[in-house]
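Peer 1:
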Amino acid sequence: MSPLTRLLEVVGRLFVGLLLAFLYLPIVIMGLMSFNASPFYMLPIEWSTTWYVQLAGNAQLVDASLYSLKIALATALIATTLGTAASLALFRYEFKGKKILQALLLPPIAIPWLITGTAMLVFFFGVGIGRGLHALILGHVALALPYVIIVNNARLKTFAPELEEAARSLGANQWQVTRRVTLPWIAPSVVAGALFAFAVSFDQFVVSYFLATPGQTTLPVEIYAAIRKGFTPEINAVSTIIIVLSMALMLFTARFYKFGGND
Amino acid sequence: MNGNSTLAAHRSQGMKAAQLLFPAYLWLVLAVFLPLSAMVFFSFVTEMPFTGKPWSMTVANYAAFFTTGIYAKLLLSSLRLAFEVTFWCVVLGFPAAYVLAKVLKGRSREAIFLLVILPFWSNGLVRVFSWAMVLRSGGILDTLLNAVLPFKVDIDLIYSYPAVIIGLVHSYVPYIVLTCYLSLQAIDDSVIEAARSLGASRFTVLRRLIIPLSLPGIVAGAVLVFVPVIGSFMEPRILGGRTGTFYGTVIEDQFVAVFNWPLGAALSFILLAVVLFILAAASPVMRRSA
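Here the protein sequences come in this chain order: A and B.
Counting from 1 along the first sequence, just add 77 to a position and that's the residue number in this note's numbering.
Counting from 1 along the second sequence, just add 65 to a position and that's the residue number in this note's numbering.
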């Protein structure tokens with residue numbers, strides 16, 4: 078290896094290191110400041126858990142968290158069920174218009190949420206669905222469905238269709254084939270899809286912002302309102318909790334999906 | 066399987082498929098495709114029909130876009146913002162993807178790759194908020210730099226255009242790293258070695274080999290950054306303050322502050338047309354990778 082090559086590699090590694098610093102610095106600082114007793118973020122840090130204690134007593138934020146959790150769980154359950162069924166059909170059968178159906182999964186992902194969210198608001202009002210819990214679940218499931226189907230389809234590509242045929246020729250009915258042969262194979266992607274759906278819903282701000290009723294909102298909408306009113310250290314604390322939880326969830330998903338892919 | 070399949074067999078397959086597909090696609094139609102179509106209708110009315118007020122069809126909402134100039138100007142500034150954010154994302158993301166794909170190996174590559182794309186799956190709103198803390202005057206960055214540097218610096222980036230750029234680049238750079246990494250990894254190392262041993266300089270290899278071969282990844286990543294940034298409103302609001310008025314924030318206002326939903330629908334639909342145009346323009350390049 079020439080000295081120049083070695084130098085370029087060192088520069089390259091340094092660059093990646095700086096990018097990681099750029100990505101994590103604000104998050105780390107936010108986390109540190111959430112443990113700072115000074116509400117004006119004075120340094121040096123005076124360690125304290127005041128803001129976490131206050132947070133626990135903030136009924137509005139606790140309510141919003143539980144509401145978000147409820148919606149995310151419902152979204153994960155519904156999107157995983159409907160999405161897994163759809164991905165099985167897309168894998169198993171040949172039919173006209175299959176390409177179009179696959180292409181239709183892209184708009185909910187590719188169109189900015191501002192457009193989708195405002196369109197949902199206008200339409201749901203127009204047909205009498207309105208805003209609130211049911212509107213939020215309706216919207217969140219639609220955003221999560223494509224992710225579930227795409228993740229499952231990627232896993233199904235590694236599945237040999239002959240296994241289904243073998244089970245069928247041995248007398249298994251369609252449901253038995255699905256439950257005993259296909260689903261065990263795609264279990265990692267079903268779980269990964271469910272976790273994705275949960276994350277899409279729990280972190281969703283834009284669509285929730287338009288579909289939540291002013292009285293009862295989700296956690297991200299509540300945080301947005303609080304930020305616009307002014308900085309409060311309590312928001313640091315709740316933000317730190319969210320970011321740690323959502324990163325842990327994704328780390329878990331990545332590990333889980335990886336393990337599934339290796340066997 | 067397709068060779069001897071008759072039309073009847075196809076049809077029965079279609080029926081079975083339909084049972085499994087119906088719930089998911091009905092849901093998508095109800096919650097995404099009907100709303101998007103309905104928005105077209107509502108963009109042509111004077112008042113929202115279900116409020117009880119008299120309403121009629123009109124093109125005034127679109128006329129407002131084309132005659133007043135303010136909305137077109139905001140759309141242009143949103144496009145400019147999207148260009149700048151995409152540019153910085155590529156400048157930061159492509160070299161990092163190259164190092165990940167071609168320099169790092171084994172476990173350290175896996176770990177760093179995961180670290181780069183991890184923030185992207187965490188809450189975007191919270192990440193933007195964390196920058197608001199860092200960038201404000203008398204904030205952390207300020208204090209830290211003044212503690213280290215011998216001269217006084219005053220960093221007051223919050224509520225400025227650069228703050229919006231920083232926040233958006235931070236939000237979207239993982240996309241570029243991801244797509245560029247995938248296409249760079251597909252380039253065979255021996256092709257690069259062959260070019261080098263035939264006397265091509267590093268720069269020539271980059272310009273004639275690596276960039277053309279990874280172009281689909283760059284374009285795909287750029288589109289994934291560009292499209293959501295034109296429609297961004299939360300980041301400009303939090304980091305831009307009074308300077309953060311863009312096309313997205315004006316649409317937001319129509320729905321949550323001014324309550325002129327028909328105008329909001331028309332503005333949203335114009336944005337949708339721009340987005341679809343960009344997706345269509347980029348698709349030939351992206352398809353080359355498939």
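The C-beta atom is built at its ideal place from N, Cα and C for all residues, glycine as well.
Keep in mind the model is a prediction, meaning the values are calculated, not measured.
For Asn211(B), would you say it is in contact with chain A, using Cβ-to-Cβ distances shorter than 7 Å as the test?
Peer 2: no
Peer 1: I want to see whether chain B comes within less than 7 Å of Glu299(A), judged by CB atoms only; does it?
Peer 2: no
Peer 1: Determine the burial state of Ala338(B): buried for a count of at least 16 other Cβ atoms within 10 Å of its Cβ, exposed for fewer.
Peer 2: Only exposed fits Ala338(B), as fewer than 16 other CB atoms lie within 10 angstroms of its CB.
Peer 1: Does the pairing of the segment 302–314 of chain B with the segment 211–231 of chain B give three or more beta-carbon distances under 8 Å?
Peer 2: yes
Peer 1: Have a look at Val298(A) and Phe112(A) and give me their C-alpha separation to the nearest angstrom.
Peer 2: 23 Å
Peer 1: Strictly under 7 Å for the Cβ-Cβ distance: is Pro215(B) near chain A by that measure?
Peer 2: no
Peer 1: When DSSP labels each residue in this structure, what does Val124(B) get in the three-state scheme?
Peer 2: coil
Peer 1: In chain order, what residues of the same chain lie with their CB nearer than 6 Å to the CB of Ser236(B), ignoring the 5 residues before and after it?
Peer 2: Gly189
Peer 1: Note down, in chain order, each residue of its chain lying with its Cβ closer than 6 Å to the Cβ of Ala166(B), except the 5 sequence neighbours on either side.
Peer 2: Tyr246, Leu249 and Gln250
Peer 1: Could you please tell me which residues of the segment 116–134 of chain B, in chain order, have their CB closer than 8 Å to any CB of chain A?
Peer 2: none
Peer 1: Among Ser142(A), Ala153(A) and Thr195(A), which residue has its Cα nearest to the Cα of Phe98(B)?
Peer 2: It is Thr195(A).
Peer 1: How would you write the range of the alpha helix (DSSP H) that Phe115(B) sits in, first residue to last?
Peer 2: Here Phe115(B) belongs to no alpha helix (DSSP H), and DSSP marks it neither H nor E.
Peer 1: Hey, Ser195(B) and Ser323(A) are a contact pair by Cβ (cut 8 Å); roughly how many whole angstroms apart?
Peer 2: The pair is not a contact, with the Cβ atoms about 13 Å apart (cut-off 8 Å).
Peer 1: Any beta carbon from chain B within less than 7 Å of Thr195(A)'s own beta carbon?
Peer 2: yes
Peer 1: Going by beta-carbon coordinates alone, are Val315(A) and Trp190(A) separated by less than 7 Å?
Peer 2: no
Peer 1: Any Cβ of chain B within less than 7 Å of the Cβ of Pro103(A)?
Peer 2: Cβ-Cβ to chain B under 7 Å: yes for Pro103(A).
Peer 1: Quick check on DSSP: helix, strand or coil for Asn188(B)?
Peer 2: The answer is coil: DSSP assigns Asn188(B) none of H, G, I, E or B.
Peer 1: Going by beta-carbon coordinates alone, are Val350(B) and Pro281(B) separated by less than 7 Å?
Peer 2: yes
Peer 1: Considering only residues of the same chain and omitting the five flanking positions on each side of Ala289(A), which have a CB-CB separation below 7 Å?
Peer 2: Arg208, Leu213, Thr295 and Val298
Peer 1: 7 Å is my cut-off, CB to CB: does Pro185(A) come that close to chain B?
Peer 2: yes
Peer 1: Let me know the alpha helix (DSSP H) ranges lying completely inside the segment 279–330 of chain B, each 4 residues or longer, listed in chain order.
Peer 2: 312–321
Peer 1: Is the beta carbon of Trp103(B) less than 7 Å from the beta carbon of Phe200(A)?
Peer 2: Reading off the sequence, residue 103(B) comes out as Ala, not Trp. Cβ atoms of Ala103(B) and Phe200(A): closer than 7 Å.
Peer 1: With a threshold of 16 other CB atoms inside 10 Å of the CB of Gly94(A), please say whether the residue is buried or exposed.
Peer 2: exposed
Peer 1: With 16 other CB atoms within 10 Å as the buried threshold, where does Met197(A) fall?
Peer 2: buried
Peer 1: Going by alpha carbons, who is nearest to Trp153(B) out of Asn325(B), Ala330(B), Gly232(B) and Ser279(B)?
Peer 2: Just measuring C-alpha positions, the residue of Asn325(B), Ala330(B), Gly232(B) and Ser279(B) sitting nearest Trp153(B) is Gly232(B).
Peer 1: Identify every residue that forms a DSSP beta bridge with Trp124(A).
Peer 2: Asn113(A)
Peer 1: Answer with buried or exposed for Trp128(A), where buried requires no fewer than 16 other C-beta atoms within 10 angstroms of its C-beta.
Peer 2: buried
Peer 1: Provide the residue span of the alpha helix (DSSP H) that contains Glu149(B), from first to last.
Peer 2: That run of the alpha helix (DSSP H) goes Ile135 to Tyr163.
Peer 1: Quick one: any contact between the segment 153–162 of chain A and the segment 271–287 of chain A, if contact means 3 or more CB pairs under 8 Å?
Peer 2: yes
Peer 1: Residues of chain B with CB under 7 Å from Ala162(A), in chain order?
Peer 2: Leu85, Pro88 and Ala89
Peer 1: For Val234(B) versus Ala161(B), is the C-beta spacing smaller than 7 Å?
Peer 2: Judged by their CB atoms, Val234(B) and Ala161(B) are not nearer to each other than the 7 Å cut-off.
Peer 1: Please determine if the segment 223–237 of chain A and the segment 258–266 of chain A are in contact, where contact requires at least 3 C-beta pairs separated by less than 8 Å.
Peer 2: Contact between the segment 223–237 of chain A and the segment 258–266 of chain A is present: three or more C-beta pairs spanning the two stretches fall below 8 Å.
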